[in-house]
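Visitor: Shown below is the structure under consideration.
4 protein chains.
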Amino acid sequence: MQLGMIGLGRMGANMVRRLLQGGHECVVFDMFPQAVEALVAEKAVGSSSLAEFVKKLAKPRAIWLMVPAGVVDKSIADLLPLLEAGDVLIDGGNSYYVDDLRRAEALAQKKIDYVDVGTSGGVWGLERGYCMMIGGPDAAVQRLDPIFKTLAPGSADTPPTPGRSVSGSTAEAGYLHCGPSGAGHFVKMVHNGIEYGLMAAYAEGLSVLKSANIGHREQATDAETTPLRNPEHYRYDFNLRDITEVWRRGSVISSWLLDLTAAALVKDPTLAQFSGQVSDSGEGRWTLQAAIDEAVPMPVLTAALNQRFASRGEADFQNKLLSALRFQFGGHHEKK
Amino acid sequence: MQLGMIGLGRMGANMVRRLLQGGHECVVFDMFPQAVEALVAEKAVGSSSLAEFVKKLAKPRAIWLMVPAGVVDKSIADLLPLLEAGDVLIDGGNSYYVDDLRRAEALAQKKIDYVDVGTSGGVWGLERGYCMMIGGPDAAVQRLDPIFKTLAPGSADTPPTPGRSVSGSTAEAGYLHCGPSGAGHFVKMVHNGIEYGLMAAYAEGLSVLKSANIGHREQATDAETTPLRNPEHYRYDFNLRDITEVWRRGSVISSWLLDLTAAALVKDPTLAQFSGQVSDSGEGRWTLQAAIDEAVPMPVLTAALNQRFASRGEADFQNKLLSALRFQFGGHHEKK
Amino acid sequence: MQLGMIGLGRMGANMVRRLLQGGHECVVFDMFPQAVEALVAEKAVGSSSLAEFVKKLAKPRAIWLMVPAGVVDKSIADLLPLLEAGDVLIDGGNSYYVDDLRRAEALAQKKIDYVDVGTSGGVWGLERGYCMMIGGPDAAVQRLDPIFKTLAPGSADTPPTPGRSVSGSTAEAGYLHCGPSGAGHFVKMVHNGIEYGLMAAYAEGLSVLKSANIGHREQATDAETTPLRNPEHYRYDFNLRDITEVWRRGSVISSWLLDLTAAALVKDPTLAQFSGQVSDSGEGRWTLQAAIDEAVPMPVLTAALNQRFASRGEADFQNKLLSALRFQFGGHHEKK
Amino acid sequence: MQLGMIGLGRMGANMVRRLLQGGHECVVFDMFPQAVEALVAEKAVGSSSLAEFVKKLAKPRAIWLMVPAGVVDKSIADLLPLLEAGDVLIDGGNSYYVDDLRRAEALAQKKIDYVDVGTSGGVWGLERGYCMMIGGPDAAVQRLDPIFKTLAPGSADTPPTPGRSVSGSTAEAGYLHCGPSGAGHFVKMVHNGIEYGLMAAYAEGLSVLKSANIGHREQATDAETTPLRNPEHYRYDFNLRDITEVWRRGSVISSWLLDLTAAALVKDPTLAQFSGQVSDSGEGRWTLQAAIDEAVPMPVLTAALNQRFASRGEADFQNKLLSALRFQFGGHHEKK
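Protein chains in written order, with the numbering used here: chain W, 1 to 336; chain Y, 1 to 336; chain R, 1 to 336; chain Z, 1 to 336.
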């Protein structure tokens with residue numbers, strides 16, 4: 001079928017490519033004309049303005065927005081005067097699901113359908129397919145099924161879950177209509193929250209392995225340093241490359257993130273090119289806010305988020321205060 | 001080659017089966033004669049006493065212990081008078097690596113090699129192969145290579161890590177000599193610590209999804225309940241079976257533990273047969289102790305361990321104290 | 001000066017008493033006539049309706065609301081038609097500061113001042129005085145100074161902070177104009193967040209002391225129980241009453257909450273009357289939401305909040321999932 | 001009575017002074033002759049060698065060690081040949097209680113009593129008195145009662161706990177015989193664990209207040225930054241000096257640590273002289289190890305300890321790994 005794509009960054013461009021490969025027609029637009037040209041060279045239909053973009057789409061139109069979360073509202077505002085009843089607008093980026101609720105209501109008044117799609121797969125999606133979590137009205141989601149089917153990984157590469165009967169669900173194909181408006185981004189939000197926890201679990205464990213050689217190091221013996229009671233227990237020089245590699249095979253903790261961890265360590269086991277200031281792009285925070293509202297304890301995902309904040313220096317003031325207090329009551333001086 | 005196996009529980013028996021299928025000869029012993037008989041029926045060589053077991057093994061002997069961690073020392077003490085210089089003893093269970101250091105030293109004085117093997121794979125290992133993390137002296141580990149090769153998953157099922165050159169390492173085959181004595185169980189210990197974190201990440205995220213329908217529920221309006229400000233944000237009835245299924249395909253958080261999560265939810269999405277009292281078998285605690293000694297922050301894995309303790313009622317006293325304090329300063333009564 | 005008080009619960013009634021003792025005139029109203037009568041008997045001016053209440057107040061009126069957070073908006077809506085430009089409305093309860101911003105703006109349009117006051121002191125405030133954190137316009141706060149001065153503890157009981165020069169601040173007297181609208185409840189919100197952390201710190205530490213006798217207990221020896229390696233290290237039967245008492249004198253951790261902990265343990269060291277289901281009344285959640293927005297890591301206060309959620313059974317589903325997963329990969333059965 | 005003191009650092013010297021002021025006789029020794037001389041000038045009896053020190057003490061001797069935990073074993077080894085049956089040795093430093101168990105057993109074989117004393121009070125103890133938690137044999141502890149009574153704060157400054165009957169306990173005077181050997185340092189260890197949690201609670205809360213002005217700051221709008229949805233909620237410039245001061249009076253969170261926090265902020269509200277690398281001196285780690293052995297969940301105190309580790313750069317590797325993973329799956333570049 002025909003799909004219009006706005007936003008041809010890393011994600012949007014590759015999704016267009018996957019759709020073209022799947023036999024769909026794609027009309028594309030981006031602020032940067034070069035991004036449009038690149039895809040036109042690969043058989044997409046280009047456009048140099050929103051007006052032209054909309055005009056080239058057959059009615060009722062299907063338009064996919066793949067733009068930064070902060071720009072979605074403006075994109076919709078720009079598009080809206082050009083759209084008509086029956087059109088469907090898809091937000092495939094990382095919007096906060098609460099914004100979906102607001103947008104769906106506003107657009108429904110103009111009889112325009114709004115579909116929110118959480119898309120996982122990153123830079124690997126072109127090849128592996130995209131896992132999609134979808135929210136919105138049934139008819140609109142149904143109409144887009146050919147698009148989702150092509151973008152998704154399909155069921156071939158992953159063995160079926162034992163005991164799962166033929167369900168009629170599209171979940172086995174890698175996309176799922178999760179519920180009404182916002183449901184797609186809600187599930188994607190939680191997906192990313194889980195991702196934070198998984199990543200931190202590997203990172204912490206590998207740090208314990210990396211420091212397993214402290215028994216070889218000279219120990220400071222001042223009053224501000226806890227002596228290591230059993231240095232003979234910490235004399236291992238572990239090869240993190242080989243360890244992450246072996247865990248990929250048959251272990252309980254094998255995963256795609258472990259595959260990527262192994263790949264990152266192959267590139268450089270010291271990770272010297274990274275500073276360790278870890279960004280967070282919002283979903284972890286929103287997951288935590290949902291957990292707070294629901295009174296669901298979430299110690300692991302919260303710890304992962306807090307650690308990211310601290311990695312960016314956001315704990316500096318509180319740490320200074322701890323040092324100041326230790327000096328106040330005990331006369332302790334900070335170690336240099 | 002020939003291997004003696006002591007301990008024919010879930011793990012030991014299946015490992016014997018995989019070895020037999022791989023063309024090895026296995027002499028087996030267990031406290032329960034029926035366990036021995038079952039494997040004899042599958043072509044293992046049985047024995048009805050430790051003495052007979054040892055006698056049936058060709059020198060230098062290779063003996064694998066697959067018994068509970070708490071029984072390893074006794075098993076070694078029972079075996080020791082029957083062994084000779086050159087024999088190798090393998091502890092394939094979940095021993096604390098500090099015990100390995102002690103045992104290796106004691107056995108070395110009798111010129112008996114001690115090899116510690118952390119074995120991951122659980123009840124699925126017979127079919128998928130076992131991921132093995134190995135510690136001990138080079139020659140002994142080298143001699144056992146045919147055994148490890150057969151038990152391990154091999155490299156066929158897992159695609160190679162991009163950029164990893166042919167390394168001569170056995171990691172690609174699913175087993176790895178990680179370092180000197182204790183190294184195998186150290187790496188397995190951290191592996192299980194990571195496992196705790198991964199499991200908790202999925203569990204927390206799915207709980208947030210499960211409670212995403214609280215906006216439908218009647219809200220209490222007493223002074224001890226925080227009002228939900230936006231019930232309209234929490235009106236989703238998510239199907240956890242389908243969501244875990246869709247995440248298995250193409251998403252960043254796909255993993256073997258996710259496969260098992262999906263399978264568990266297929267059996268019963270309410271998990272009604274479980275009480276939620278989660279055991280811990282030691283490795284998480286030991287990982288935390290290593291992290292403390294190394295001064296490595298481990299907030300996520302610690303949170304996962306603390307949550308398990310709390311699941312077993314171990315937080316009850318401190319919670320009572322919190323209620324008592326709230327009553328003291330604010331006259332707050334506990335909600336029933 | 002004259003003050004009108006609406007809401008004569010534990011907090012409101014005692015504040016009126018403290019004001020009367022300080023020589024102020026109080027006009028009082030409550031939904032329950034008995035609450036009004038009780039204070040009339042102590043020389044307050046009673047009223048049997050909001051209209052009568054407002055009428056008895058001299059213009060420009062000063063009205064203090066001491067009602068549950070969930071009722072403030074309704075109370076304001078009921079009062080508003082009776083008020084006039086120049087009146088001041090004080091919300092002394094535990095409102096979310098974001099609501100203050102909205103209310104202040106709405107009331108300012110009618111030239112009515114809105115002052116938000118976070119009040120700490122609980123059931124002890126009548127005797128010890130109330131610590132007040134105040135937000136709102138300067139002139140309105142200034143006009144209420146005599147009220148705040150009487151309600152506050154004053155500077156007599158607490159020694160001055162070394163090095164603090166005479167500041168002109170009222171902080172030494174126990175009340176503080178913290179900033180514009182919302183500032184009072186913002187500071188009170190964080191105050192309560194800290195309170196959660198302090199309470200949990202004592203509760204956790206005392207639990208470690210309470211369980212310091214596990215070396216005396218029979219240890220289970222099944223595969224689902226981590227053996228205690230050194231039972232001889234845990235043979236202490238500590239007297240928590242005496243320990244909390246001794247910490248009250250000269251120790252680094254002495255505090256008012258410790259005083260209350262000691263008092264609670266004097267009543268009953270087993271705390272048998274409490275179930276350990278710990279409520280949270282919102283401020284901890286809001287503090288966490290502010291920390292998320294600010295990207296400030298808050299691991300301790302978050303852990304305290306998560307623990308409260310879990311105390312109320314909110315972790316049950318995730319714990320069941322952990323048990324289900326352990327059964328999936330390892331065949332582990334839950335301990336009964 | 002007479003007491004010998006070895007170790008005249010900040011703590012030891014002030015304890016001698018307090019004892020001298022209380023009418024006791026003190027024989028003192030330190031590696032640094034100047035430290036001895038300074039106290040001789042204040043009427044202590046000096047000694048220039050351990051032999052002279054021991055000789056000047058009347059039998060049975062009472063000797064208090066106030067030396068770094070790492071030096072206690074060596075000090076005892078040096079002293080032992082000079083001691084006789086009936087002497088008592090007190091370790092008043094921050095020893096690990098497990099070492100007490102070992103030492104007490106070894107010394108008991110020579111009929112020398114060993115008493116372990118956890119001492120809280122820091123640089124303020126000379127003036128305020130020292131809170132002492134004591135472990136060891138009854139008779140030895142009893143014999144030292146005059147010393148403890150003088151060192152302790154006494155009951156005058158702290159109001160009695162309501163409902164606490166005259167107990168015969170010395171807890172009201174600020175010292176307590178907590179149990180057999182190791183009990184003193186066990187209780188002190190947990191005391192310090194609690195201290196970590198309390199300190200972190202204040203530090204986190206004050207950080208949230210300090211960052212409450214982020215709504216005034218320019219927001220970055222790149223894809224790696226979560227947009228602040230409501231900057232108008234974060235426009236407070238709080239005065240932390242005044243806020244900590246006001247909390248000291250009548251609030252639920254008043255404490256001695258809050259007094260010190262206020263004092264530290266008076267000195268410099270920016271805390272510019274501190275780098276924020278927070279040491280830990282062992283007790284927090286040991287408390288966590290005890291909690292692990294006891295299976296007591298301790299999320300708050302653990303979070304506080306983890307935060308200290310991270311403040312010293314110990315999370316750098318794991319943070320780099322998170323950045324590396326984000327680059328792997330999403331092509332995310334770290335923000336500079």
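For each residue, glycine too, the CB sits at the ideal point set by N, CA and C.
1. With 16 as the cutoff for other CB atoms within 10 Å, does Gly136(R) come out buried or exposed?
2. Return the CA-CA distance between Gly4(W) and Ile63(W), expressed in angstroms with no decimal places.
3. State the Cα-Cα distance for the pair Ala290(R) and Tyr96(R), rounded to the nearest angstrom.
4. Using a C-beta to C-beta distance shorter than 7 Å, which residues of chain R count as neighbours of Gly174(Z)?
5. With His177(Y) as the anchor, note down where its beta strand (DSSP E) starts and where it stops.
6. Answer yes or no: do Ala295(R) and Glu314(W) have a C-beta to C-beta separation smaller than 7 Å?
7. Looking only at C-alpha atoms, which of Asn306(Z), Gln34(Z) and Phe317(Z) sits nearest to Phe274(W)?
8. Given a threshold of 16 other Cβ atoms within 10 Å of its Cβ, counted over all protein chains shown, does Met31(Y) qualify as buried or as exposed?
9. Within this structure, are the beta carbons of Gly121(W) and Tyr130(W) separated by less than 7 Å?
10. Which value, in whole angstroms, describes the spacing of the CA atoms of Thr158(R) and Asn192(R)?
11. Out of Asp242(R), Gly284(R) and Pro227(R), which has the shortest C-alpha to C-alpha gap to Ser165(Z)?
12. I need the boundaries of the beta strand (DSSP E) containing Asp113(Z), first residue and last residue.
13. Assess contact between the stretch 253-267 of chain W and the stretch 208-215 of chain Y, defined as three or more Cβ pairs (one per stretch) separated by less than 8 Å. Is contact present?
14. Going by C-alpha distance, which of Asn319(W), Ala108(W) and Gly182(W) is nearest Leu271(Z)?
15. Thinking C-beta only, is Ile194(W) closer than 7 Å to Gly276(Y)?
16. According to DSSP, Gly135(Z) sits in a beta bridge with which residue or residues?
17. What are the start and end residues of the alpha helix (DSSP H) that includes Gly154(Z)?
18. Could you tell me whether the Cβ of Asp242(Y) comes closer than 7 Å to any Cβ of chain B?
19. State the Cα-Cα distance for the pair Ser48(W) and Ala41(W), rounded to the nearest angstrom.
20. Measuring CB to CB, does Val98(R) end up less than 7 Å from His233(Z)?
21. Here's the rule I'm using: 16 or more other beta-carbon atoms within 10 Å means buried, otherwise exposed. How should Ala303(W) be labelled?
22. Kindly say whether Glu283(R), judged by its beta-carbon, lies nearer than 7 Å to any beta-carbon of chain Z.
23. Which first and last residues belong to the beta strand (DSSP E) in which Glu25(Z) is found?
24. Gly197(W): buried (16+ other C-beta within 10 angstroms of its C-beta) or exposed?
25. Quick one: which residues of the stretch 182-209 of chain R get their C-beta closer than 7 Å to a C-beta of chain Z? List them in chain order.
26. Report all residues from its chain with a CB closer than 8 Å to the CB of Val88(Y); omit the five preceding and five following residues, and keep chain order.
27. Closest Cβ-Cβ distance between Val392(W) and chain Z: below 7 Å?
28. Please name the residue in Val123(Z), Arg128(Z) and Gly12(Z) whose C-alpha comes closest to that of Asp91(Z).
29. Counting only Cβ pairs nearer than 7 Å, list the residues of chain Y close to Pro297(Z).
30. Going along the chain, which unbroken runs of the beta strand (DSSP E) with 3 or more residues stay wholly within the stretch 86-114 of chain Y?
31. Let me know the secondary structure DSSP gives Ile253(R) once reduced to three states.
32. Output, in sequence order along the chain, the residues in the stretch 72-98 of chain W whose CB is closer than 7 Å to any CB in chain Z.
33. List the residues of chain R that Met133(Z) touches, going by C-beta distances under 8 Å, in chain order.
34. For Thr225(Z), list the residues DSSP reports as bridge partners.
35. Using the Cα positions of Pro162(R) and Leu257(Z), report the straight-line distance between them to the nearest angstrom.
36. Can you pull the chain W neighbours of Pro227(Z), defined as C-beta to C-beta under 8 Å?
Guide: The answer reads as follows:
1. Counting from one through the third sequence, the residue named residue 136(R) turns up at place 136. Burial of Gly136(R) is indicated by the presence of at least 16 other C-beta atoms within 10 angstroms of its C-beta.
2. Residue mapping note: residue 4(W) aligns to position 4 of the first sequence, counting from 1. Residue mapping note: residue 63(W) aligns to position 63 of the first sequence, counting from 1. Distance between the alpha carbons of Gly4(W) and Ile63(W) is about 5 Å.
3. Within the third sequence, the letter at position 290 stands for residue 290(R). Within the third sequence, the letter at position 96 stands for residue 96(R). Spanning the two alpha carbons is a distance of roughly 11 Å.
4. Sequence index remark: in the fourth sequence, residue 174(Z) carries index 174 (1-based). By Cβ distance, chain R contributes Val246, Arg249 and Gly250.
5. Your numbering for residue 177(Y) matches position 177 in the second sequence. Boundaries of the beta strand (DSSP E) harbouring His177(Y): Tyr175 to Gly179, taken from the DSSP string.
6. As a working note, residue 295(R) is residue 295 in the third sequence. As a working note, residue 314(W) is residue 314 in the first sequence. It is a contact, given that the beta carbons lie within the stated cut-off.
7. Your numbering for residue 274(W) matches position 274 in the first sequence. Phe274(W) has its Cα closest to that of Phe317(Z), out of Asn306(Z), Gln34(Z) and Phe317(Z).
8. Residue numbering aside, residue 31(Y) sits at position 31 when the second sequence is read from its first letter. Exposed, because fewer than 16 other Cβ atoms sit within 10 Å of the Cβ of Met31(Y).
9. Here the question's residue 121(W) lines up with position 121 in the first sequence. Here the question's residue 130(W) lines up with position 130 in the first sequence. Between Gly121(W) and Tyr130(W), the CB-CB gap stays under 7 Å.
10. Residue 158(R) sits at position 158 when you count from the first residue of the third sequence. Residue 192(R) sits at position 192 when you count from the first residue of the third sequence. Taking the straight line joining both Cα atoms gives about 21 Å.
11. Walking along the fourth sequence from the start, residue 165(Z) turns up at place 165. Looking at the Cα atoms, Asp242(R) is the closest of the given residues.
12. Here residue 113(Z) is taken as the residue at index 113 of the fourth sequence, counted from 1. DSSP places Asp113(Z) inside the beta strand (DSSP E), whose first and last residues are Asp113 to Ser120.
13. Proximity of the stretch 253-267 of chain W to the stretch 208-215 of chain Y falls short of the contact definition, fewer than three beta-carbon pairs being nearer than 8 Å.
14. Taking the fourth sequence and counting its residues from 1, the one referred to as residue 271(Z) is at position 271. Taking Leu271(Z) as reference, the option from Asn319(W), Ala108(W) and Gly182(W) with the minimal CA-CA separation is Asn319(W).
15. Mapped onto the second sequence, residue 276(Y) falls at position 276. Mapped onto the first sequence, residue 194(W) falls at position 194. No, the pair does not count as a contact, with Cβ atoms beyond the cut-off.
16. Taking the fourth sequence and counting its residues from 1, one reaches residue 135(Z) at position 135. Asp116(Z) and Gly179(Z).
17. Numbered from 1 along the fourth sequence, position 154 holds the residue referred to as residue 154(Z). For Gly154(Z), there is no enclosing alpha helix (DSSP H), as DSSP marks it with neither H nor E.
18. Annotation note: the requested chain B is absent from the structure, which comprises protein chains W, Y, R and Z.
19. As a working note, residue 48(W) is residue 48 in the first sequence. As a working note, residue 41(W) is residue 41 in the first sequence. For Ser48(W) and Ala41(W), the gap between their C-alpha atoms comes out near 15 Å.
20. The residue labelled residue 98(R) in the question sits at position 98 within the third sequence. The residue labelled residue 233(Z) in the question sits at position 233 within the fourth sequence. The criterion of a C-beta distance shorter than 7 Å is satisfied by Val98(R) and His233(Z).
21. By 1-based counting over the first sequence, the position of residue 303(W) is 303. Answer is buried; the Cβ neighbour count reaches 16.
22. As a working mapping, residue 283(R) is identified with position 283 in the third sequence. Cβ-Cβ to chain Z under 7 Å: no for Glu283(R).
23. If you number the fourth sequence from 1, residue 25(Z) lands on position 25. For Glu25(Z), the enclosing beta strand (DSSP E) stretches over residues Glu25 to Phe29.
24. Walking along the first sequence from the start, residue 197(W) turns up at place 197. The Cβ neighbour count for Gly197(W), taken over all protein chains shown within 10 Å, is at least 16; the residue is labelled buried.
25. Taking 7 Å as the Cβ-Cβ cut-off against chain Z, the residues of the stretch 182-209 of chain R that qualify are Ala183, Phe186, Val187, Val190, His191, Gly193, Ile194, Glu195, Gly197, Leu198, Ala200, Ala201, Tyr202, Glu204, Gly205, Ser207, Val208 and Leu209.
26. Here the question's residue 88(Y) lines up with position 88 in the second sequence. Taken in chain order, the residues that qualify are Pro60, Arg61, Ala62, Ile63, Ile112, Asp113, Tyr114, Val115, Ala140, Arg143 and Leu144.
27. Lying before the first or after the last residue shown, residue 392(W) is absent from chain W, which here runs from 1 to 336.
28. Counted from its first residue, the fourth sequence places residue 91(Z) at position 91. When each option's Cα is compared against that of Asp91(Z), the closest is Gly12(Z).
29. Against the fourth sequence, residue 297(Z) aligns to sequence position 297. Per Cβ cutoff of 7 Å: Asn306, Phe309, Ala310, Glu314 and Ala315.
30. DSSP runs (the beta strand (DSSP E)) wholly in the stretch 86-114 of chain Y: 88-91.
31. Numbered from its first residue, the third sequence carries residue 253(R) at position 253. In the three-state reduction of the DSSP assignment, Ile253(R) falls in the coil class, being assigned neither a helical nor a strand state.
32. Here the close residues number zero.
33. By 1-based counting over the fourth sequence, the position of residue 133(Z) is 133. Near Met133(Z) (Cβ distances below 8 Å), the residues of chain R are Ile243 and Val246.
34. On the fourth sequence, position 225 is the one that residue 225(Z) refers to. In DSSP, Thr225(Z) forms a bridge with Asp280(W).
35. Position 162 of the third sequence, counted from the start, is the residue given in the question as residue 162(R). Position 257 of the fourth sequence, counted from the start, is the residue given in the question as residue 257(Z). Computed Cα separation, rounded: 14 Å.
36. If you number the fourth sequence from 1, residue 227(Z) lands on position 227. One finds Ala69, Gly70 and Gly282 in chain W with Cβ atoms closer than 8 Å to the Cβ of Pro227(Z), taken in chain order.
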